[in-house]
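Taken in order, the sequence shown gives residues 1 to 243; the numbers are from the UniProt record's numbering. Ideal Cβ placement from N, Cα and C applies to all residues, glycine included. Inspection log for the structure reproduced underneath, given as structure tokens.
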Amino acid sequence: MHVTVPPISERVRGLALTAVPTHVSLDGTAHAARGGVDETGRPLLLVRPGEPLHALTGQDEAVVTVDLTATRALAGIDHPRGLLKVQGWAQAVPRDLLRDAAVTVAARCPDESLFAAVEGDPAGPRLFQVDVAQVIYLTGQESGLLDADDYFGTGPDPLLEAAEQMLAHVNESHRDQLHTALRTLLGHPVTDAWLWELDRYGATVRSGIEDPTLIRLPWPSPVTAPHALERALATLLCSHGRG
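See the structure below:
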């Protein structure tokens, strides 16, 4: 059977990589959070003095839930793509991994206090990592739970970085072609269309503002390299655009 959408575990891992922590819950109380997600899928948190996690010492752990929010900016406005609730154990990042953790966080959440966190001063800002027990996901009309084995048992789409770059380029420069292609494909005009998702299995278009519709356009077969993804996207925009 031809696969037209990514496996949910792959999709969740991809959302996590492009998401930012918004809240962390500790002992039943939620607090604002800052940070990122490393390549393995573990949340990283930048914790300032006075915040609850900051008091953990040495190898101590705390049971936490980290809310990760993935968004897509369309015309300068962020629209939610998915919410992930990562439940697990927070622990201070080991000293030899502090610099790498800080670089990862800076990519999603630039903050001058990251410089101080790298110094490892226990009285200053600190970096924590979360070992994942399970992930609750809500994305579009899909919701469910992944245990750690399912979450870590797969990776994000291997073409994720290239796909995000291509998606941004289309939304910035080729929306007229996208509208024309959709009109040809669907047989009727489509209003306010944006490329919403792009992956090795196909593309998803978001149409409408108040009550948006998601339209899935699968490739004839999954693509395996960035150049093949670019070619599939160009075929979608150009061949249908000439119809």
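Residue i, buried or exposed, once every other Cβ within 10 Å from all chains shown has been counted against 16
i	result
residue 10	buried
residue 96	exposed
residue 172	exposed
residue 197	buried
residue 33	buried
residue 93	buried
residue 27	exposed
residue 19	buried
residue 245	Residue 245 cannot be examined here, being either before or after the span of the chain that is shown, 1 to 243.
residue 243	At residue 243, the pLDDT of 44 sits below 50, so the modelled position is not reliable and the matter cannot be decided from this model.
residue 110	exposed
residue 129	buried
residue 13	buried
residue 202	buried
residue 55	exposed
residue 75	exposed
Closer than 7 Å: residue i CB and nearest the ligand GTP heavy atom
i	result
residue 135	No copy of the ligand GTP occurs in the structure displayed, which carries no ligand at all.
Best match in the options for proximity to residue i [C-alpha to C-alpha]
i	options	result
residue 136	107, 69 and 40	69
residue 5	237, 220 and 238	220
residue 156	31, 37, 25 and 27	37
residue 116	3, 17 and 98	98
residue 211	222, 193 and 218	193
residue 31	56, 213 and 64	64
residue 91	160, 45 and 158	45
residue 161	3, 12, 2 and 17	17
residue 229	22, 165, 119 and 111	165
residue 73	170, 25 and 88	170
residue 234	214, 119 and 195	195
residue 59	209, 131 and 204	131
residue 149	121, 226, 119 and 41	41
residue 3	218, 238, 227 and 236	218
residue 52	119, 39 and 126	126
residue 158	112, 206, 175 and 227	227
Residues near residue i by beta carbon distance below 6 Å, same chain, minus five either side
i	result
residue 106	114
residue 124	116
residue 223	200, 229 and 232
residue 251	In the structure as shown, the chain starts at 1 and stops at 243, and residue 251 therefore has no counterpart that could be examined.
8 Å CB neighbourhood of residue i in its chain, flanking five on each side removed
i	result
residue 15	68, 70, 81, 82, 84, 137 and 139
residue 144	8, 136 and 137
residue 186	215
residue 22	32, 33, 67, 68 and 69
Same chain only: Cβ atoms within 7 Å of residue i, ignoring 5 sequence neighbours per side
i	result
residue 183	189 and 190
residue 167	195 and 198
Secondary structure of residue i, DSSP reduced to three states
i	result
residue 34	coil
residue 130	strand
residue 104	helix
residue 6	coil
residue 161	helix
residue 18	coil
residue 216	strand
residue 247	With the chain running from 1 to 243 in the structure shown, residue 247 is simply not present.
residue 154	coil
residue 142	strand
residue 253	What the structure shows of the chain is the stretch from 1 to 243, and residue 253 is not part of that stretch, so it cannot be assessed.
residue 113	helix
residue 12	helix
residue 147	strand
Kindly provide the ranges of any alpha helix (DSSP H) runs that are 4 or more residues long and lie completely inside the stretch 51-100, ordered along the chain. none
Which runs of the beta strand (DSSP E) fall wholly inside the stretch 168-213 and span at least 3 residues, in chain order? 193-199 and 202-207
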